[in-house]
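Trainee: Here's a structure for you.
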Amino acid sequence: MRFPSVYAPVGILPLLLVVRLAAAAATVTVTAAPAIPSDEPQFKTTHLFTSAVLNSTNVYRAEHNASAVSWNDTLARFASDYLSDDEGGCKFAHSGGPYGENLAMGYPNATASVEGWGDERDKYDFSDGGFSEETGHFTQLVWKNTTDVGCGRRLCGDRGWYLVCEYWPRGNVLGQFDDEVGKKEGAAVAVRPTVWWMAWAAVLAVGVLVC
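Numbering-wise, the sequence shown is residues -24 to -1, 1 to 187 according to mature numbering (1 follows the signal peptide of the UniProt record, and there is no 0).
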């Protein structure tokens, strides 16, 4: 059986469209979503960015019986260097590096980006764990063996902020999902409201042969 090493699913492309039918004729009103703020503090200010990523990541990890991760400057530099490439820095694709990697683009802040990954747990089958393209961000996020995270960000014009997070040790190792992805502690998994903003996401899946 072959497993994908990388996937980049098309995300949500919302457009608010209101159609009003008048007595004489139909009138179509198109309302564009508000512009994504380029000066969002969680992206512009380093300590707020770091705190937002760590706090939101560790909330999900605690809920799934995984230890808190620590910020790793080496991982953060790797992500930032990848994003700083003038030709490919805003290309929505994986770096191909040695770490676990989650990508997100178009969310209003860092917290919402991580929540976009974490909320994939609503689709994860805890009774028959394994990798899937729909839940790969979540499983990397709460992978118990992962101890470090480091992220970079870049503003990519009207596509908004591009977030890249690196994880070590990398998760999504085939054959280890049952041990590494814990069920949510306490109450049933909550479902957050669907967000309106433009968002894309991708996750690196590690294909490891196990005996």
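For glycine and all other residues, C-beta sits at the position ideal for the given N, C-alpha and C.
Please return the same chain residues whose Cβ sits closer than 8 angstroms to the Cβ of G158, not counting the five positions on each side in sequence.
Mentor: Residue 158 sits at position 182 when you count from the first residue of the sequence shown. The residues are H40, N41, A42, V118, K120.
Trainee: What's the call for N85, buried or exposed, on a 16-neighbour Cβ count within 10 Å?
Mentor: Position 109 of the sequence shown holds residue 85. Per the 10 Å Cβ criterion, buried.
Trainee: Select from C127, T122, L131, E109 the residue whose C-alpha is nearest the C-alpha of R37.
Mentor: Here residue 37 refers to the residue found at position 61 when the sequence shown is read from its first residue. The candidate whose alpha carbon is nearest that of R37 is T122.
Trainee: So, using beta-carbon positions, are F54 and G126 closer together than 8 angstroms?
Mentor: Mapped onto the sequence shown, residue 54 falls at position 78. Mapped onto the sequence shown, residue 126 falls at position 150. Contact flag set, yes.
Trainee: My understanding is that N78 touches H113, with C-beta atoms under 8 angstroms, so please give their C-beta distance in whole angstroms.
Mentor: Looking up residue 78 in the sequence shown gives position 102. Looking up residue 113 in the sequence shown gives position 137. 5 angstroms between Cβ atoms; contact.
Trainee: Cα separation between L30 and Y100?
Mentor: Position 54 of the sequence shown, counted from the first residue, corresponds to residue 30. Position 124 of the sequence shown, counted from the first residue, corresponds to residue 100. Whole-angstrom Cα-Cα distance: 22 angstroms.
Trainee: Name the DSSP bridge partner or partners of A86?
Mentor: One-based indexing of the sequence shown puts residue 86 at position 110. DSSP lists no partner for A86.
Trainee: Comparing alpha-carbon positions, which option in W47, F19, F102, N48 lies nearest A80?
Mentor: For this step, residue 80 is matched to residue 104 along the sequence shown. Among W47, F19, F102, N48, the Cα nearest to that of A80 is on F19.
Trainee: My parser needs the alpha helix (DSSP H) runs of 4 or more residues fully inside the segment 78 to 144; what are they?
Mentor: Those alpha helix (DSSP H) runs which fall completely within the segment 78 to 144 and span 4+ residues are 86 to 94, 112 to 117.
Trainee: Tell me the rounded alpha-carbon separation between Y138 and E110.
Mentor: Here the question's residue 138 lines up with position 162 in the sequence shown. Here the question's residue 110 lines up with position 134 in the sequence shown. If I take the Cα positions, the gap works out to 20 angstroms.
Trainee: Whole angstroms is fine: what's the gap from R129's alpha carbon to A69's?
Mentor: Counting from one through the sequence shown, the residue named residue 129 turns up at place 153. Counting from one through the sequence shown, the residue named residue 69 turns up at place 93. Near 14 angstroms, if we compare the C-alpha coordinates of A69 and R129.
Trainee: State the DSSP-derived secondary structure class of S32, mapped to helix, strand or coil.
Mentor: Numbered from its first residue, the sequence shown carries residue 32 at position 56. In this structure, S32 counts as helix in the three-state DSSP scheme.
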